[in-house]
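For what it's worth, the working numbering labels the leading residue of the sequence shown as 2, then goes sequentially.
The structure appears right after this line, and notes come after that.
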Amino acid sequence: MIKVTRLNKKSFYLNPDLIETMEQTPDTVITLTGGNKYVVTEEPTLLIQRIGEFRRRCHPDYAGPEERKKNET
Numbered sequence: 002m003i004k005v006t007r008l009n010k011k012s013f014y015l016n017p018d019l020i021e022t023m024e025q026t027p028d029t030v031i032t033l034t035g036g037n038k039y040v041v042t043e044e045p046t047l048l049i050q051r052i053g054e055f056r057r058r059c060h061p062d063y064a065g066p067e068e069r070k071k072n073e074t
């Protein structure tokens, strides 16, 4: 789970496996696979970083996009 913050400053945890899309409009809108939408204060780049950290905690051998780029050079 990743921590996100609603516009009213209340935090909650979201399962990143259910995220279908993220849009910055200028707030970030997260759409889940079930159609639920959440508007949060975090920028998509920060959320992508948190998702990578979550995946590494769950799967220690996980190499995110940044690590794959480093290993290709």
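Ideal placement from N, C-alpha and C gives every residue a C-beta, glycine not left out.
Excluding five sequence positions before and after Met2, the CB atoms of its chain that fall closer than 8 Å to its own CB belong to Tyr14, Leu15, Asn16, Pro17 and Phe55, given in chain order. The continuous alpha helix (DSSP H) containing Thr46 extends over residues Pro45 to Cys59. For the pair Lys11 and His60, the Cα-to-Cα distance works out to about 29 Å. In the three-state DSSP reduction, Leu19 falls in the helix class (H, G or I). In this structure, the beta-carbon distance from Ile20 to Leu8 does not fall below 9 Å.
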